[in-house]
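Trainee: My questions all concern the structure below.
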Amino acid sequence: MKYPPSLVALIRELSRLPGIGPKSAQRLAFYLFEQPREDIERLAGVLLDAKRELHTCPVCFNITDAELCDVCADPSRQQNLICVVEEPGDVIAIEKSGEYSGLYHVLHGVISPMNGVGPDKLHLKALLPRLTPGMEVILATGTTVEGEATAMYLQRLIEPLGATVSRIAYGLPVGGALEYADEVTLGRALSGRQRITK
Amino acid sequence: MKYPPSLVALIRELSRLPGIGPKSAQRLAFYLFEQPREDIERLAGVLLDAKRELHTCPVCFNITDAELCDVCADPSRQQNLICVVEEPGDVIAIEKSGEYSGLYHVLHGVISPMNGVGPDKLHLKALLPRLTPGMEVILATGTTVEGEATAMYLQRLIEPLGATVSRIAYGLPVGGALEYADEVTLGRALSGRQRITK
Amino acid sequence: MKYPPSLVALIRELSRLPGIGPKSAQRLAFYLFEQPREDIERLAGVLLDAKRELHTCPVCFNITDAELCDVCADPSRQQNLICVVEEPGDVIAIEKSGEYSGLYHVLHGVISPMNGVGPDKLHLKALLPRLTPGMEVILATGTTVEGEATAMYLQRLIEPLGATVSRIAYGLPVGGALEYADEVTLGRALSGRQRITK
Amino acid sequence: MKYPPSLVALIRELSRLPGIGPKSAQRLAFYLFEQPREDIERLAGVLLDAKRELHTCPVCFNITDAELCDVCADPSRQQNLICVVEEPGDVIAIEKSGEYSGLYHVLHGVISPMNGVGPDKLHLKALLPRLTPGMEVILATGTTVEGEATAMYLQRLIEPLGATVSRIAYGLPVGGALEYADEVTLGRALSGRQRITK
Amino acid sequence: MRSRSANRSGIVMRRRVTPAGDIIVTLLTPQGKIKAIARGGVRGSQASRLNLFHHVGVQLYQTPQADLATVQQSVLEGALPRLSEPERHPYAHLLSELADALFQEGEFSEQAFELYAGALRGVSHHPDPEWVTLVMSYKLLSLAGFAPRSRQCARCAAPDPAHPDPLGGQLLCGACSSQPPHPAERLEFLREVPRRSVRALMDQPLPAEQRPGVWRSLERFVTVQIGGVQSWRSLASSLGGEVVSA
Amino acid sequence: MRSRSANRSGIVMRRRVTPAGDIIVTLLTPQGKIKAIARGGVRGSQASRLNLFHHVGVQLYQTPQADLATVQQSVLEGALPRLSEPERHPYAHLLSELADALFQEGEFSEQAFELYAGALRGVSHHPDPEWVTLVMSYKLLSLAGFAPRSRQCARCAAPDPAHPDPLGGQLLCGACSSQPPHPAERLEFLREVPRRSVRALMDQPLPAEQRPGVWRSLERFVTVQIGGVQSWRSLASSLGGEVVSA
Ligand SMILES: [Zn+2]
Ligand SMILES: [Zn+2]
Ligand SMILES: [Zn+2]
Ligand SMILES: [Zn+2]
Ligand SMILES: [Zn+2]
Ligand SMILES: [Zn+2]
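Residue numbers (full-length UniProt numbering), protein chains in the order written: chain A, 1 to 198; chain B, 1 to 198; chain C, 1 to 198; chain D, 1 to 198; chain E, 1 to 246; chain F, 1 to 246.
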């Protein structure tokens, strides 16, 4: 049996998406086949709309559909605090935590020589003109070796400019038990302990 | 921070797809954002193409883009053997096994009163005119309670018409060990044992 | 810090048990430490009792604490039906299915040249004197390549002796859907289909 | 078929162990049956030895086979630093991290009124006489609500005695990505950020 | 495609970690009480979200075979970190234990959820968490159908009882009780608590010295009507005047 | 019971997180190179242990069906946190990429493991990580059978070549090369590196101004013999004198 070319094409395109294996792509294709035409058209529409309307903010490289992103355009955000993250998804994660009211800077990656990503491939240099003395820059890249290397690299660049640099805390996740933490994290949680007596 | 409406719409539509949770939808949306425009247009295109071109075969209710599906249109398939399955995806699964050369009949569901699916909601009646005495009908609905009920319902309908009815085998999966099989399956595997001496 | 030797010894012995990793062994050791002395003594006791009292049945090689195992000693079991399995645990699995009332023969392994297990390492030859013409032998070794090879080897030995040989069914597990079955199993489920019309 | 009582007893005792379900207990029992007598005797022996020789250290309530535990007996450990943990297993976890050279205090639980565990059920009071002004107490109970409540309770008790109190850091585990951290932890990682410029 | 998933939003009333690292939680949701398991949860980010007293949204997956639904995903909808403070923690436990005992799986009650959620919020934020707990405990009991009799002596049904019932925690007439009558303010509270609104009750807190009598009544009433509650132990000395037993 | 588990101890040379949250690692172990997957690892404590450049013990589970072994458990055996420092990080990447390219799955080589482990330790601790990288890169190449020819001109086989080979990174005679000869110290290094011990080579570091020529030779030699290596890009400006390209 030969499958209809338009079905094959659909399965192939779906299986290119991250996290969707060939089996799920096939299941998804059959699911989509069963849906009413309007639903498919709406899905295709939002795909095209999103691609047409979204771009990166020229200041912080967050995703936006406006001239400036919603954070950069909001004067009530703390202007002397910039949180540097790897990806636009990290902005959403931090916003959801509700603990942050400063600005962002999205690198769109981490330094990883073996993957051919040097500092020049990231939105790294564009951070420097945003800094003024007295500002605080929070390095919130991941806690992998590459994320740590990117943070250290940034620290060297930023320090001479007179901004305060800080790094998000390493430690135990909330709700965790010590015995399920790995040794490295546990070591960092101990050495990074915080005084709670005045 | 408010997210751009087109991003929100994209995440919402993606999270409606089966097997894609809200977190995966967000990750997928950011992934799509990073892809070149052509790729997104191609994805939207295949979605619309598939919806426009695909329909069910009027004979067996398999998916096709032609008048008849590829199996029904192929005179070299065994014409006196029909395999009844629940979904179009099952046809692909059986074709991949390479063990079958007859025709199909796709019910597009199983009888499930609790979910409001009675025999009339399935492509069940359309099977009967396809049968002739001496034909074999293989009931290859799933081995769930509903699949089994659907198979029994079909058996009652088909038997009076003089066709042979058979049921796919219950048993151990290939590569399995007895200790990992559940008791019910093990019982079926024993009672359904096959003589291998002549 | 050095750990007390008796704690270290306990963790080491526990982590030798199959399916218990070093982390679980440690957790288990601390758990045992917290239990009352009587519980520990009872556990040690049943370990030693089991080792002292249990042995294999001289007829079928099932586990027993008596001269003959409970199945061999039961005259109400079908005497002309022997089910050949790999391990004593398989006897329990089959008994639980409630579908079998014959005798057993436990091989204590499968033929696996790569692991140095030839037919002579198994309780294979002892099966032959148990057979009489008209008897049925069900080969219920696993459906792995080795289980299948062992079944075929046995078939060659048994056939000349005039016993009927059968093989447990390959197929879909009860409660399964076609789309989750692998192609090989699906192929066997189709080719092993059973007629349900009279 | 009735199983031999000593086998049944063994399976029952094994399945009482934490993390060992009935299926694993059965598998373990059959495994033990196949082992040489000496191995079983050694396993039973270490169980009894461990129970006989191990007890809690009268100073810190860690597990030991001596008068004092190995940490309390070691004069080279930092004597002005006590790390309070929930369970003896936490001591091992921290020792493995290699980042700590002070003393311990093992509570053997956390405050949990709904499970009937009040402060009096824990080795809590015994901590107070160990404290001297200028000492540091690290509260390393878990980051659950109960662990946090126990830490806060201890803080109130200790503060008036003039010891410094600190809490292990909450934050991202090493090797993690922001998008996989939950919002609560991410919020703590941000608010607990550490300055890295001098 | 068939779906065995459901989305629910509720508060974690109980949480237990199994030795295998699974988290078993009991949630109170507007659709009733639910028990579910997050497999391997203690090693992942669900450990944080499925923390005690957290308000979480969960995606549950139920197979016909399993007795416990599985938590597939969870999102945090609200946290009350102050419930770890020593002067609030035991009250949150008591209210959770009560709610767990009072509401059964399969009972749909938006009111129960709102009352329990409000009680925890109150214990977390209110400057007088003890009073919140007394008021809300009685409110939870009333909602579940366990309002103490207050117009008639619990033993002989004589009208206007005013004396403590040292065994059953209700009100007795002078003839049936060997104890002196409740002081007027405490008596009014015990009489009116099932009928008055939470707000009205919160606005008229009893002075500290009259509360131990209410605690004793509540403890007796709960023990007789519902059974043993573990959290009493930690509150024991609070009945004597201190906030936390130490 | 049959066992499909094996314990291995090795260094994480590569690490990739899939969109589904699995971690795919390539380990160099004394028993050879291994690629394995930790399912859902990014959400658990394996994310920490299976970090790049970590020395870990892993329990692997291999089924006949799957092409990648699964990491069941892992324990940390050693970490080199200083490899994140900007002046060390690109070198660790280069050495890992080289080792990954040079050693194949299924090749048993304790020496390869020791050399790579020593190289990372050196880059982490030594005050001159650049020199460690130059020495160890050549040593890794030699071990894998890619020692540059140094006694004969790489083009015409004339003896005692002393001139750079701008295409192949080896040594050419004066007739075959249009470039001036290497300075004496650099020439000695390039000639002797396959034969001398690591210690001897480390004891005689080249002065900074002579190193760019060695980098160019190494880069050419690797590119021709093995193929493209991504890490060069980040080292590009280091060839011009700076440590990190910026
Ligand atoms: Zn912006
Ligand atoms: Zn057709
Ligand atoms: Zn027997
Ligand atoms: Zn001690
Ligand atoms: Zn009365
Ligand atoms: Zn030449």
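Beta carbons: idealized from backbone N, C-alpha and C, even for Gly.
Just to make sure I have the definition right: I need the residues of chain F whose C-beta is within less than 7 Å of the C-beta of Thr144/A. Which are they?
Mentor: Here the neighbours are Asn51 and Leu52.
Trainee: Pop quiz: Thr64/B and Pro4/A are said to be a contact at Cβ under 8 Å. What is the actual Cβ separation, rounded to whole angstroms?
Mentor: 6 Å between Cβ atoms; contact.
Trainee: Considering only residues of the region 146–191 of chain D, which uninterrupted beta strand (DSSP E) runs meet the minimum length of 3 residues and lie entirely inside it, listed in chain order?
Mentor: Complete beta strand (DSSP E) runs here, min 3: 164–167.
Trainee: Shortest alpha-carbon distance to Gln31/E belongs to which of Glu114/E, Arg43/E and Ser84/E?
Mentor: Answer by Cα proximity: Glu114/E.
Trainee: Figure out for me which residue from Leu187/E, Met13/E and Pro127/E has the closest Cα to the Cα of Leu98/E.
Mentor: Ranking Leu187/E, Met13/E and Pro127/E by Cα distance to Leu98/E puts Met13/E first.
Trainee: For ligand 1, any of its heavy atoms closer than 8 Å to the Cβ of Asn80/A?
Mentor: No, Cβ of Asn80/A sits at least 8 Å from all heavy atoms of ligand 1.
Trainee: Can you tell me whether Lys33/E is buried or exposed, with buried defined as 16 or more other CB within 10 angstroms of its CB?
Mentor: When all chains shown are included, Lys33/E counts as buried.
Trainee: Do we get a CB-CB distance below 9 Å when we pair Lys125/C with the residues of chain F?
Mentor: No, because no Cβ of chain F sits closer than 9 Å to the Cβ of Lys125/C.
Trainee: Name, please, each residue of chain A whose Cβ falls closer than 8 Å to the Cβ of Ile111/B.
Mentor: Correct list: empty, because the minimum Cβ distance to chain A is about 18 Å.
Trainee: Going by alpha carbons, who is nearest to Val224/F out of Ala208/F, Leu206/F and Asp165/F?
Mentor: Closest option to Val224/F, Cα to Cα, is Asp165/F.
Trainee: Just to confirm the assignment, what range does the beta strand (DSSP E) spanning Leu81/C have?
Mentor: Run containing Leu81/C: Leu81 to Val85, per the beta strand (DSSP E) assignment.
Trainee: Arg156/A touches chain F at which residues, Cβ-Cβ below 8 Å?
Mentor: Near Arg156/A (Cβ distances below 8 Å), the residues of chain F are Pro86.
Trainee: CB-CB under 7 Å to Glu159/D, same chain, minus the five flanking residues each way: which ones, in chain order?
Mentor: Hits under 7 Å: Val165.
Trainee: 9 Å is my cut-off, CB to CB: does Val117/A come that close to chain E?
Mentor: No, no contact with chain E.
Trainee: Quick one: complete alpha helix (DSSP H) runs, 4+ long, within the region 47–117 of chain B?
Mentor: Segments of the alpha helix (DSSP H) lying fully in the region 47–117 of chain B: 88–97.
Trainee: Check Arg193/A in the structure and name its three-state DSSP category.
Mentor: Looking at Arg193/A - three-state DSSP - the assignment turns out to be coil, as it is neither helix nor strand.
Trainee: Rounded to a whole number of angstroms, what is the C-alpha to C-alpha distance between Val46/D and Ile92/D?
Mentor: Answer to the nearest angstrom: the Cα atoms are 20 Å apart.
Trainee: Are the beta-carbon atoms of Tyr170/D and Val42/F separated by less than 9 Å?
Mentor: No, the pair does not count as a contact, with Cβ atoms beyond the cut-off.
Trainee: DSSP on Leu206/E, reduced to helix/strand/coil?
Mentor: Reduced to three states, the DSSP call for Leu206/E is coil.
Trainee: Does the beta-carbon of Leu7/A have 16 or more other beta-carbons within 10 angstroms, so that it is buried, or is it exposed?
Mentor: So Leu7/A ends up on the buried side.
Trainee: Going by DSSP, name the residue or residues bridged to Glu136/B.
Mentor: Partner(s): Leu81/B and Thr164/B.
Trainee: Using only the alpha-carbon positions, how far apart do Val137/C and Gln155/C sit?
Mentor: Rounded to the nearest angstrom, the two C-alpha atoms are 9 Å apart.
Trainee: Our contact map puts His108/D next to Val84/D with C-beta atoms below 8 Å; I'd like the distance itself, whole angstroms only.
Mentor: His108/D to Val84/D, Cβ: 11 Å. No contact.
Trainee: Show which residues of chain A have a CB atom less than 7 Å away from the CB atom of Glu97/F.
Mentor: Within 7 Å Cβ-Cβ: Met114.
Trainee: May I ask which residues mark the beginning and end of the alpha helix (DSSP H) holding His89/F?
Mentor: That run of the alpha helix (DSSP H) goes His89 to Leu102.
Trainee: Run the CB neighbour count on Gln170/F, radius 10 Å, all protein chains shown included, and call it buried at 16 or more, exposed below.
Mentor: Buried is the call here.
Trainee: Could you give the distance in angstroms between the alpha-carbon of Pro194/E and the alpha-carbon of Pro86/E?
Mentor: Between Pro194/E and Pro86/E, the C-alpha separation is close to 29 Å.
Trainee: Just grab the DSSP bridge partners of Tyr31/D for me.
Mentor: In DSSP, Tyr31/D forms no bridge with anything.
Trainee: Listing by chain order, which chain D residues have their CB less than 7 Å from the CB of Lys96/A?
Mentor: Within 7 Å Cβ-Cβ: Glu183.
Trainee: Report whether the distance from the Cβ of Val135/E to the nearest heavy atom of ligand 4 is below 8 Å.
Mentor: Val135/E Cβ: outside cutoff for every heavy atom of ligand 4.
Trainee: For Met1/A, report the span of its alpha helix (DSSP H) as first-last.
Mentor: First-last for Met1/A: undefined, no H or E at that position.
Trainee: Residues in the same chain with beta-carbon distance under 6 Å from Cys173/F, minus the five sequence neighbours each way, listed in chain order, please.
Mentor: Around Cys173/F: Cys153, Ala158 and Pro161.
Trainee: With DSSP collapsed to three states, give me the class of Ser45/F.
Mentor: DSSP places Ser45/F in coil when its eight states are reduced to three.
Trainee: List the residues of chain D that Thr197/A touches, going by C-beta distances under 7 Å, in chain order.
Mentor: Neighbours of Thr197/A on chain D, chain order: Glu159, Thr164 and Val165.
Trainee: Is the Cβ of Val71/F closer than 9 Å to any Cβ of chain C?
Mentor: No, no contact with chain C.
Trainee: List in chain order the residues whose CB is within less than 6 Å of at least one heavy atom of ligand 4.
Mentor: This criterion selects Cys57/D, Val59/D, Cys60/D, Asn62/D, Leu68/D, Cys69/D, Val71/D and Cys72/D.
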